[in-house]
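Chains as they are written, first to last, in our numbering: chain B, -7 to 188; chain U, -7 to 188. A short worksheet on the structure shown next.
This is how it looks when you write it as structure tokens:
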């Protein structure tokens, strides 16, 4: 299978990380959003939403949305256990990631680290909401080792992608000790690969 | 089971609609975000994210995030067919809904219809992005009757919730004929219930 992705993107890194953890071979096709490569006519035929990551199956079919791709790859593996309530909680945290976490933590990292827009007026409001997300995660980890399941699942991979580089968007994890420990637990999973 | 929800919320309506389509009995506990009822100490113990809808199982356990609740209710039913690629496409559209649709279409409806904030500076930017989402959906429907599957699934229920009332946020569907036809197809599903 092929993965179209921007290497520095956390959403794209989710797919790379899970493919390595599952030892699935793949071809990475660097597609840089910063160069407009997801908005070309050719790419829009593959994904009309104009975003990466995008998975191309050997059949030629395409699948988009990072967390839907994680589901596709993880179903029937240890990263998506076969229990309805656990599966639903895993998805709960993945929808939390896309609605209440990524739009603030990933976007501020993007503006500050990759767009050199440290004075963008959106940053301050995003910062407050990003802190809310990190606090909710940190509180959850006071009684749980992982998100959604008792062992690492695709919700952890989803949340790890932007949380472990949150400092690049000026969200230091030093005030969230449970999150810092969880980041280390994820790094210890066999076959872990870093984003950079 | 119990559903905590704000009746006028599309996210909450998703759950009500699916429960009716599946003929599952439930108790609705009106919990109005506009009155701060999702931010009380008592409610935050049930859902630390402070949002509705929230599902309470007979076991006393809670599940949040509208689309995760749809998955929990629909798995092993006709609204989530047992085919990995179809399931993944259904989730793809549901993540699209939460990331690229709801934050613009639902938020403008909320500001205009329920908060009387017609001059909020966010509305204009949201409007352009909401139109993008509706255009992508309308284009998809030029070759498909539904989203994710060849028959109605939870991705349709998810996308229907705010699309069919998009006009309340000043997104008329008149320019999207495929969307208008799809809205009618959803309304024809047996046991359909309206939002109001």
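Even for Gly, the Cβ is constructed at its ideal location relative to N, Cα and C. The structure presented is a predicted model; accordingly, all values stated were derived computationally and were not measured.
C-beta contact flag for residue i and residue j at 8 angstroms
i: residue 37 of chain U; j: residue 146 of chain U; result: no
i: residue 85 of chain B; j: residue 133 of chain B; result: no
i: residue 29 of chain U; j: residue 101 of chain U; result: no
i: residue 90 of chain B; j: residue 59 of chain B; result: yes
i: residue 80 of chain U; j: residue 64 of chain B; result: yes
i: residue 201 of chain U; j: residue 70 of chain U; result: Look at the range of chain U in this structure, -7 to 188, and you will see that residue 201 of chain U is not part of it.
i: residue 77 of chain U; j: residue 53 of chain B; result: yes
i: residue 42 of chain U; j: residue 23 of chain U; result: no
Exposure of residue i, with buried meaning 16 or more beta-carbon neighbours within 10 Å
i: residue 135 of chain U; result: exposed
i: residue 108 of chain B; result: exposed
i: residue 26 of chain U; result: exposed
i: residue 32 of chain B; result: exposed
i: residue 141 of chain B; result: buried
i: residue 44 of chain U; result: buried
i: residue 148 of chain B; result: buried
i: residue 21 of chain B; result: exposed
i: residue 8 of chain U; result: buried
i: residue 120 of chain U; result: exposed
i: residue 167 of chain B; result: exposed
i: residue 117 of chain U; result: exposed
Separation of residue j from residue i, as counted between CA atoms
i: residue 50 of chain B; j: residue 150 of chain B; result: 24 angstroms
i: residue 103 of chain U; j: residue -5 of chain B; result: 38 angstroms
i: residue 137 of chain U; j: residue 179 of chain U; result: 14 angstroms
i: residue 139 of chain B; j: residue 2 of chain B; result: 18 angstroms
i: residue 47 of chain B; j: residue 4 of chain B; result: 10 angstroms
i: residue 144 of chain B; j: residue 183 of chain B; result: 13 angstroms
i: residue 97 of chain B; j: residue -1 of chain B; result: 17 angstroms
i: residue 13 of chain U; j: residue 165 of chain B; result: 44 angstroms
i: residue 185 of chain B; j: residue 39 of chain B; result: 27 angstroms
i: residue 88 of chain U; j: residue 57 of chain B; result: 7 angstroms
i: residue 73 of chain U; j: residue 169 of chain U; result: 27 angstroms
i: residue 15 of chain U; j: residue 6 of chain U; result: 14 angstroms
i: residue 55 of chain U; j: residue 35 of chain U; result: 13 angstroms
i: residue 66 of chain U; j: residue 111 of chain B; result: 45 angstroms
i: residue 92 of chain B; j: residue 11 of chain B; result: 25 angstroms
i: residue 125 of chain B; j: residue 99 of chain U; result: 19 angstroms
i: residue 129 of chain B; j: residue 82 of chain U; result: 27 angstroms
i: residue 158 of chain B; j: residue 19 of chain B; result: 27 angstroms
i: residue 17 of chain U; j: residue -7 of chain U; result: 8 angstroms
i: residue 188 of chain B; j: residue 152 of chain B; result: 14 angstroms
i: residue 131 of chain B; j: residue 162 of chain B; result: 20 angstroms
i: residue 115 of chain U; j: residue 114 of chain B; result: 15 angstroms
i: residue 68 of chain U; j: residue 176 of chain U; result: 26 angstroms
i: residue 122 of chain U; j: residue 181 of chain U; result: 26 angstroms
i: residue 156 of chain B; j: residue 156 of chain U; result: 38 angstroms
i: residue 192 of chain U; j: residue 127 of chain B; result: Because residue 192 of chain U is not part of the residues shown, which for chain U are -7 to 188, the question remains open.
Bridge-paired residues (DSSP) for residue i
i: residue -6 of chain U; result: U:19, U:48
i: residue 55 of chain U; result: U:47
Residue i: CB within 7 angstroms of a non-hydrogen atom of the ligand ZN
i: residue 185 of chain B; result: This structure lacks the ligand ZN, and indeed carries no ligand of any kind.
query = Can you list the alpha helix (DSSP H) stretches of 4 or more residues lying completely in the segment 101 to 144 of chain B, in chain order?
reply = 114 to 132
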